[in-house]
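> Just passing along the structure, written as structure tokens.
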Amino acid sequence: MKNYIFNTYFRILKRDKAKIIVTFLSLLIGAFVLSVVLGLIGSVRTYIFSQSKELIGGDIVLQQSFPIEYEKSKNIKEIIKNGAVVSKKMETMVNIEKQASFFNFNLIPVGLVSLKIVSENYPLYGQIETKSGNKLLPKENEIYAEKSFFEKINVKLGETVKIGSGNFIVSELLEKEPDSFGAGLNFMPKVIMTFDGWKKTGIDKNFSRISNTISIKITNEKDLPKIDEIEKEFIKSGANVTTSKKGPTQLIRITEAWKKAFLTITVLTLFLIMINVRTNLSYLAGYFTKTIAVFKVLGMKNSDISIIFTSIILTISILASFLGNMVGNLFNIFIITYIEKTSGVILPKPFIIENILLISSFILFLALFSYLPVFFKLIQIKPKTILSQPLKDETKLNSIFSEIIISLLTGIGLFLGIYYLTQEFILSLISVFSLTIVFSLLILGIKFILLFIYKKRFSFNFTIRSIINFVKSQGFIGETALATLTLSFMGIFTIALIQNNLEQNLKGPLTGKTPNVYVLDVREDQVTKISKYFTDLTLYPNVRARLVNVDKNKIQEDQKMDPEFKREFNLTYRTKLIDGEKLTDGVWHENKEKGVVSVENKFAKRLGLKLGSELEFLVAGIPIKAKVTSFRKVDSSQGLPFFFFVFSPDLIESAPKSFFGFSYTKKESIPSLQSKIVKDFPNVFIISRADVFNTIQTITNVVLNGVLMVSLPSLILGIILLFSMIVNSARERFRELLLFKIFGSEKKFILKVYLSETLFFIIISSILGGIFSFIITYAVNEFLFKFEKLYLRYDIFLLTVFILFFNTLLALYLTKKQFAKSPSDILRE
Amino acid sequence: MIKVENITKSFIQNSHKIEILKSISFSVNEGEIVSIIGPSGSGKSTLLSIISGMDKPDEGSVIIDEQEITKMDEEKLCKIRNQKIGVIFQAFELIQSFSALENVMLPLDIAMKKSKEKSTELLGTLGLGERLDHLPKMLSGGEQQRVAIARALINDPKIIFADEPTGNLDVETGSKVIEILFDLIKKFQKTLIIITHDNSLAKKSDRIFRLKNGQLKEINNEELYI
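Top line first, the protein sequences correspond to chains A and B.
All residue numbers in the first sequence are consecutive under the working numbering, ending with 843.
All residue numbers in the second sequence are consecutive under the working numbering, ending with 1472.
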């Protein structure tokens, strides 16, 4: 390489670091985000598929709320003959009681737990692990509990508790259950016992909220094709079937949902990186324009200039992607270790060379494509640029056209990246176009607003006019900084608003109508007796069933059907509409009609139902058909029981059922009520409103906090670009402002103008971002969540205040030395 | 109008004290055009910055319109700069983000006075009526200097200080600018102190001072070329 090329390259890197820091930081953040998202998703997927059989509990697993009569299945009998092993499992919720104190032998309820009852050959794959190292199942008079049990419930290891009529020693701290995550996420403390222990409790949970599971392990390879036959057989009978081929479907669904959310944020982040890099490099090119013109006058070729600047970009990209990968992987290790400590799940470590190479290549690619428009500008610089010629309109027009063409080129890099992440061509194309269009519209909008305000600037006082002039003078860089920061604020605000809206809607408004207590798993024979324990108790019959046909369209066997429609539903029957229900179409069945059903209107729309549609359900294996005769609107905000399907009594009155309902018992009376209920009705559990809300809050917080964490980089990117603009223009701008001193302006006025100029960007972009985020939240609430009410919060703007504060500190720091100078010092510079 | 008494100014460079101005005294009457000439690096700009209130001397005093500016606090000095003084620079020193009109309006804006009409009229007088909305980068050197002259005159100051106003201009443009400046000074009856190394410009002044070896001496036209 010629000496002067290397010297120039090295000099720019060394002396103009501040001017390329935005590019470096943006690419570093991009590498970090990609390595975290790809690494974690990869680890989770590897874990799920490598632990598939352990997670689901067998080669094939059947689940439903009624006992599964697997012994009657010809296919299963055959494979058992060939050595297949069958394991039974039941899962339900129970109340735990313990002695009030050492001196007080009275029993008090201490908590509600998720109880798993297993047969002697559990687990079929993997093994349970306890803190003491014991790998055997609990004895008849023992239970094992996981860590959250001891944290949330006032019971210690070795203590005796009561479940139903049986006493059990909490003998082990359960560290790992192979299939604990297979069914998805569960936030109740978990406890495990055997069927012998369950007999001791004396609790009858028939037809209640209970999940029955049969897991089968095939030992003879020749029986593997039988998995498909067994699957078909039991889907028809209404069971939920999971096979090791498909993997733990619910967990996979949750992982895919998280992956989509994370990838959406990642794509936005990558887009902002591209903008940042391009803007920063444009600024750099502008800064060096005259220098390059001089080089050209002295004989430097375009190829030499290309080598210098391309080498700079490559250097920054390689360094940034290396550091970003390292930090990202370290962060992943931290997250994985945290997951291991809190849940016992050991995810594979993400240090995958393939990922590192891929991410580095992508970052390099992204940087080079972002650099392309700048590259074209650099090689077009002519030596006569040294002479300051006025801009001509034709030149401006040409550059806008070439700007558009070149901008489209930079989208290619992003498109390829998104395609790699999603493997979907159309989606990738739409994503790039949508982002580009939205961003371009945003910049155009900002441009027009600024132009309008600029034309009207003489209507404002001098301070505001000065700000308008400064913002306008920043040109494309200023507009991009505003647009980037607006997008960043919009992203963060939207997530915070959605989180709040979801939380508030799920909690429901705190009106007199929201019950204090919910009562579940009441048997039919207990209804009259249990009502005497409450001053007011409303109970509804609850029949578990699976939807098999809608107008002769098979639901369970349809692979493309939304899994939401394939689950078990709680059916009920009555002849009256309840509080919060209102007919929207059709005729309500009173005592007159038979064989009919009323459906919740939004759910009916999703299922594509009309008045007269015929539904077929399987209730305990028996098909029940009903005609849709009305649609109801249900106000879910009051926290009252919500049923998608309300039948006429004739159809399911005699079906196996349990009852659940609510009461407005005073908060203070709930603990004593719980004690009495647990004692006299061990199968029933009552849960307070506070417990429900806490659980919902935990679930929503886990999901949304994760998304919020991944979206923070986008805000940081916006702020980086803004701060870079402030730092790069500070010296020049402040020199100009100090000229005001020469014309008689006081120091405080100059400081006021300077701070206002820099704070303007943050304030305007946060207002714009706020407006857009309100609109998006409204749309999400209206069309996705379909809640009746929209809850907004305004404390999100505290983030703006926080950033304003730091921006002010930065501005004051930059101006500290400048203010000390006299006008003649300024002129001498 | 201006009385300068025993102005001394020195700088420290590599631990050595360099005396730029040594006990300089002179006075300028109202309506006079005074040139200060001297070789490059003689301290002309330093002297100008002191007598225009942009810098403070080590010793001595400057009295403008019976007010001693050397001992004034910053707030009062700002008022003097805004109301009594106009300055024109060699490098024009226009605010790049302000249009020509806004640059001229600046002193009146700082004084919180109405500025647009007066500024428009003055720029029109200087032949820049079509350039009101142009940014400095869109103007030629001569046009920029005319804007700077308008800016210096807009607040109706008593004194104008000009530091090498033609230094960045070609000969022809420079003489046109000087012609305009002198016409305006005479028309509005202002006092002008001009720093220059151009002897032909100095000849047009009422009085000439030469700054050499830190000392100021009044000279006549014949002594210009000595």
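Idealized CB from N, CA, C, for every residue including glycine.
#1: Residue 1355 (chain B): buried (16+ other C-beta within 10 angstroms of its C-beta) or exposed?
#2: Within its chain, find whatever has a CB closer than 8 Å to the CB of residue 1302 (chain B); leave out the 5 residues flanking it on each side and keep chain order.
#3: Flag residue 882 (chain A) as yes if its beta-carbon sits less than 8 Å from any beta-carbon of chain B, otherwise no.
#4: So what does DSSP say about residue 847 (chain A), is it helix, strand or coil?
#5: Tell me the start and end of each unbroken beta strand (DSSP E) in the region 138 to 182 of chain A that is at least 3 residues and wholly inside, in chain order.
#6: If you draw a straight line from the C-alpha of residue 836 (chain A) to the C-alpha of residue 1433 (chain B), how long is it?
#7: Under 8 Å between C-beta atoms, does residue 1259 (chain B) make it to chain A?
#8: Is the closest heavy atom of the ligand PLP to the C-beta of residue 341 (chain A) under 7 Å?
#9: Please classify residue 402 (chain A) as buried or exposed, where buried requires at least 16 other C-beta atoms within 10 Å of its C-beta.
#10: Within the region 81 to 141 of chain A, note down every full alpha helix (DSSP H) run reaching 4 residues or more, in order along the chain.
#11: Please report whether the beta-carbon of residue 387 (chain A) lies at a distance below 8 Å from any beta-carbon of chain B.
#12: Residues of chain A with CB under 7 Å from residue 1325 (chain B), in chain order?
#13: Less than 8 Å between the beta carbons of residue 825 (chain A) and residue 791 (chain A), yes or no?
#14: Report yes if the C-beta distance between residue 228 (chain A) and residue 47 (chain A) is below 8 Å; otherwise report no.
#15: With C-beta atoms as the reference, is residue 738 (chain A) less than 8 Å away from residue 287 (chain A)?
#16: Do residue 1364 (chain B) and residue 1405 (chain B) have their C-beta atoms closer together than 8 Å?
#17: Beta-carbon within less than 7 Å of residue 550 (chain A)'s beta-carbon, same chain only, minus the 5 sequence neighbours each way: which residues are those?
#18: Looking at the structure shown, is residue 579 (chain A) part of a helix, part of a strand, or coil, going by DSSP?
#19: Skipping 5 residues on each side, what residues in its chain have a beta carbon closer than 6 Å to that of residue 215 (chain A)?
#20: At the 8 Å Cβ level, is residue 1281 (chain B) part of the contact set with chain A, yes or no?
#21: For residue 1257 (chain B), count neighbouring Cβ atoms within 10 angstroms of its own Cβ and tell me buried if that reaches 16, exposed if not.
#22: Using 10 angstroms around the beta-carbon of residue 756 (chain A), count the other beta-carbons present and answer buried if the total reaches 16, otherwise exposed.
#23: Helix, strand or coil for residue 1351 (chain B), going by three-state DSSP, please let me know.
#24: Between B:1467, B:1462, B:1459, which has its C-alpha nearest residue 1451 (chain B)'s C-alpha?
#25: Measuring CB to CB, does residue 175 (chain A) end up less than 8 Å from residue 164 (chain A)?
#26: What are the start and end residues of the beta strand (DSSP E) that includes residue 861 (chain A)?
#27: Going by the CB atoms, is the gap between residue 519 (chain A) and residue 672 (chain A) shorter than 8 Å?
#28: In this structure, does DSSP put residue 14 (chain A) in helix, strand or coil?
#29: I'd like the list of long-range same chain contacts for residue 1391 (chain B), defined as Cβ closer than 7 Å, with 5 residues on each side in sequence excluded.
#30: Three-state secondary structure (DSSP) at residue 5 (chain A)?
#31: Using a Cβ-Cβ cutoff of 9 Å, what residues of the region 734 to 755 of chain A are near chain B? List them in chain order.
#32: Between which two residues does the alpha helix (DSSP H) containing residue 25 (chain A) stretch?
#33: Please list, in chain order, the chain B residues whose beta carbon lies closer than 9 Å to that of residue 483 (chain A).
#34: Listing by chain order, which chain B residues have their CB less than 7 Å from the CB of residue 851 (chain A)?
#35: Taking a cut of 7 Å between CB atoms, which residues from the region 1282 to 1306 of chain B lie near chain A?
#36: Use the C-beta contact count for residue 1417 (chain B): other C-beta atoms within 10 angstroms, 16 or more gives buried, fewer gives exposed.
Based on what the coordinates show:
#1: Position 109 of the second sequence, counted from the start, is the residue given in the question as residue 1355 (chain B). Classification of residue 1355 (chain B): buried, given that the 10 Å Cβ count is 16 or more.
#2: The sequence position of residue 1302 (chain B) within the second sequence is 56, counting from 1. Correct list, in chain order: 1296, 1316.
#3: Residue 882 (chain A) cannot be examined here, being either before or after the span of chain A that is shown, 15 to 843.
#4: What the structure shows of chain A is the stretch from 15 to 843, and residue 847 (chain A) is not part of that stretch, so it cannot be assessed.
#5: Runs of the beta strand (DSSP E) spanning 3 or more residues and lying entirely within the region 138 to 182 of chain A occur at 156 to 160, 174 to 177, in chain order.
#6: As a position in the first sequence, residue 836 (chain A) is number 822, starting the count at 1. As a position in the second sequence, residue 1433 (chain B) is number 187, starting the count at 1. Cα to Cα, residue 836 (chain A) sits roughly 33 Å from residue 1433 (chain B).
#7: As a first step, residue 1259 (chain B) must be located in the second sequence, where it is residue number 13. No, residue 1259 (chain B) lies away from the interface with chain A (no Cβ there is under 8 Å from its Cβ).
#8: The ligand PLP is not part of the structure shown, which contains no ligands of any sort.
#9: Taking the first sequence and counting its residues from 1, one reaches residue 402 (chain A) at position 388. Note that residue 402 (chain A) has pLDDT 46, beneath the 50 cutoff, so the model's placement of it is unreliable and the number below is only indicative. Looking at its Cβ environment, which holds fewer than 16 other Cβ atoms inside 10 Å, residue 402 (chain A) is exposed.
#10: 88 to 95
#11: The sequence position of residue 387 (chain A) within the first sequence is 373, counting from 1. No, because no Cβ of chain B sits closer than 8 Å to the Cβ of residue 387 (chain A).
#12: For this step, residue 1325 (chain B) is matched to residue 79 along the second sequence. Residues of chain A passing the Cβ test: 758.
#13: Counting from 1 along the first sequence, the entry for residue 825 (chain A) is found at position 811. Counting from 1 along the first sequence, the entry for residue 791 (chain A) is found at position 777. Their beta carbons are not under 8 Å apart, which means residue 825 (chain A) does not touch residue 791 (chain A) by this criterion.
#14: Here residue 228 (chain A) corresponds to residue number 214 of the first sequence, with the count starting at 1. Here residue 47 (chain A) corresponds to residue number 33 of the first sequence, with the count starting at 1. It is not a contact, given that the beta carbons lie outside the stated cut-off.
#15: Walking along the first sequence from the start, residue 738 (chain A) turns up at place 724. Walking along the first sequence from the start, residue 287 (chain A) turns up at place 273. Result no, Cβ atoms of residue 738 (chain A) and residue 287 (chain A) do not sit closer than 8 Å.
#16: Residue 1364 (chain B) sits at position 118 when you count from the first residue of the second sequence. Residue 1405 (chain B) sits at position 159 when you count from the first residue of the second sequence. One thing to note: residue 1364 (chain B) has its Cβ no nearer than 8 Å to the Cβ of residue 1405 (chain B).
#17: For the purposes of this step, residue 550 (chain A) is taken as residue 536 along the first sequence, with counting starting at 1. Taken in chain order, the residues that qualify are 677, 678.
#18: On the first sequence, residue 579 (chain A) is found 565 positions in, with the first residue counted as 1. For residue 579 (chain A), the secondary structure class from DSSP, reduced to helix, strand or coil, is helix.
#19: Looking up residue 215 (chain A) in the first sequence gives position 201. So the qualifying residues of the chain are 177, 178, 180.
#20: By one-based count along the second sequence, residue 1281 (chain B) stands at place 35. With 8 Å as the cut-off, residue 1281 (chain B) does not count as an interface residue toward chain A.
#21: As a position in the second sequence, residue 1257 (chain B) is number 11, starting the count at 1. By the 10 Å Cβ count, residue 1257 (chain B) comes out exposed.
#22: Mapped onto the first sequence, residue 756 (chain A) falls at position 742. Residue 756 (chain A) is buried by the Cβ-count criterion.
#23: The residue you call residue 1351 (chain B) lines up with position 105 of the second sequence. Three-state DSSP puts residue 1351 (chain B) in a helix.
#24: Sequence index remark: in the second sequence, residue 1451 (chain B) carries index 205 (1-based). Out of B:1467, B:1462, B:1459, B:1467 has the C-alpha closest to the C-alpha of residue 1451 (chain B).
#25: As a working note, residue 175 (chain A) is residue 161 in the first sequence. As a working note, residue 164 (chain A) is residue 150 in the first sequence. In this structure, residue 175 (chain A) sits away from residue 164 (chain A), with a CB-CB distance that is not shorter than 8 Å.
#26: One cannot answer for residue 861 (chain A) here, as it falls past the ends of chain A, which runs 15 to 843.
#27: Sequence index remark: in the first sequence, residue 672 (chain A) carries index 658 (1-based). Sequence index remark: in the first sequence, residue 519 (chain A) carries index 505 (1-based). Going by C-beta atoms, residue 672 (chain A) is not nearer than 8 Å to residue 519 (chain A).
#28: No answer is possible for residue 14 (chain A): the residues shown for chain A start at 15 and end at 843.
#29: Locating residue 1391 (chain B) in the second sequence gives position 145, where the first residue counts as 1. Cβ neighbours of residue 1391 (chain B) beyond the five flanking positions: 1338, 1411, 1415, 1423.
#30: The structure shown does not extend to residue 5 (chain A), since chain A is modelled only from 15 to 843, so the question has no answer here.
#31: 746, 747, 750, 751, 753, 754, 755
#32: On the first sequence, position 11 is the one that residue 25 (chain A) refers to. Run containing residue 25 (chain A): 17 to 29, per the alpha helix (DSSP H) assignment.
#33: Numbered from its first residue, the first sequence carries residue 483 (chain A) at position 469. By Cβ distance, chain B contributes 1341, 1343, 1344, 1345, 1348.
#34: Residue 851 (chain A) lies beyond the range of chain A shown here (15 to 843); nothing can be said about it.
#35: Of all residues in the region 1282 to 1306 of chain B, only 1295, 1300, 1301 place a beta-carbon less than 7 Å from a beta-carbon of chain A.
#36: By one-based count along the second sequence, residue 1417 (chain B) stands at place 171. Residue 1417 (chain B) counts as exposed, since fewer than 16 other beta carbons sit within 10 angstroms of its beta carbon.
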